[in-house]
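Quick note on numbering: the sequence shown equals residues -21 to -1, 1 to 129 in mature numbering (1 follows the signal peptide of the UniProt record, and there is no 0). Read through the structure below, which is laid out as structure tokens, and then see the notes.
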Amino acid sequence: MKIKSLLCIFLFVLLSNSSFGQKKITWTNVLDIYAKEFRLAEENPQSALKEDGMSLEDIENTKVKIVGYFLDLDPDGKWFMISKNPFASCFFCGKSGPETILELFGYKNTNKKFKSDDIVEVTGFFNPVYDLEGKVSFGLDKATLKLVKK
């Protein structure tokens, strides 16, 4: 009986752990994925490729966790991204590429909880996003955020 109780407690703690089933990634991983999957059509793709780097197959539609700068891009509060860089040097300002942003899908910034350039930890399902011209960026579906630093 005691073993059964301990086993139940152990399973409860294991399953309730907030990091269970999430893969922690970095912006270097995102760059590796972008380089491997989408720079192959460019003139010199080998300059950006690393054999041991992460691939899209490793994390596509997988729950991941990453830290970055929160970007509130819509005055109506309906379009959000996380960026490797602060807003002043983000992708939209021409200082970096599409591999430095992740669009947040399914996230609502209720009561303006987060502001642009807050450092946040985001958890969501990693997926590629294709535009009408076939260009790609990445997004996190069912995104949830936690403040790291204002």
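Virtual Cβ for every residue (Gly too), placed ideally from N, Cα, C.
Asked: So, with DSSP's three-state summary, where would you put residue 188?; Found: Lying outside -21 to 129, the shown extent of the chain, residue 188 is not represented and no answer is given.
Asked: Using a Cβ distance threshold of 8 angstroms, determine whether the segment 42 to 60 contacts the segment 86 to 100, with at least three qualifying pairs required.; Found: yes
Asked: Can you tell me whether Asp55 is buried or exposed, with buried defined as 16 or more other CB within 10 angstroms of its CB?; Found: exposed
Asked: Where does Phe66 fall in DSSP's three states?; Found: helix
Asked: Can you grab the Cα-Cα spacing for the pair Ile61 / Ile80, in whole Å?; Found: 6 angstroms
Asked: Could you tell me the distance, in whole angstroms, from the CA atom of Leu119 to the CA atom of Lys15?; Found: 19 angstroms
Asked: Report the rounded CA-to-CA distance for Phe84 versus Phe105, giving the unit in angstroms.; Found: 10 angstroms
Asked: Between Glu82 and Val108, how many whole angstroms is the CB-CB distance? I'm expecting something under 8 angstroms.; Found: 6 angstroms
Asked: Quick one: what's got a C-beta closer than 8 angstroms to Thr123's C-beta in the same chain, skipping five residues either side?; Found: Tyr86, Val101, Thr102, Gly103
Asked: Excluding the 5 residues preceding and the 5 following Lys2 in the sequence, name in chain order all residues of the same chain whose CB lies nearer than 8 angstroms to its CB.; Found: Ile38, Thr41, Lys42, Val43, Lys44
Asked: Tell me which same chain residues have a C-beta within less than 8 angstroms of the C-beta of Pro4, skipping the five on either side of it?; Found: The identity of residue 4 in the sequence shown is Ile, whereas the question assumes Pro. Cβ neighbours of Ile4 beyond the five flanking positions: Met33, Ile38, Val43, Lys44, Ile45, Phe105.
Asked: Less than 7 angstroms between the beta carbons of Val9 and Glu78, yes or no?; Found: yes
Asked: Look up Ile4 in the DSSP assignment and say whether it is helix, strand or coil.; Found: coil
Asked: Could you give the DSSP three-state label for Ser(-3): helix, strand or coil?; Found: Its pLDDT being 47, under 50, Ser(-3) is placed unreliably by the model, and the measurement read from it follows with that caveat. Ser(-3) falls in the coil class under three-state DSSP.
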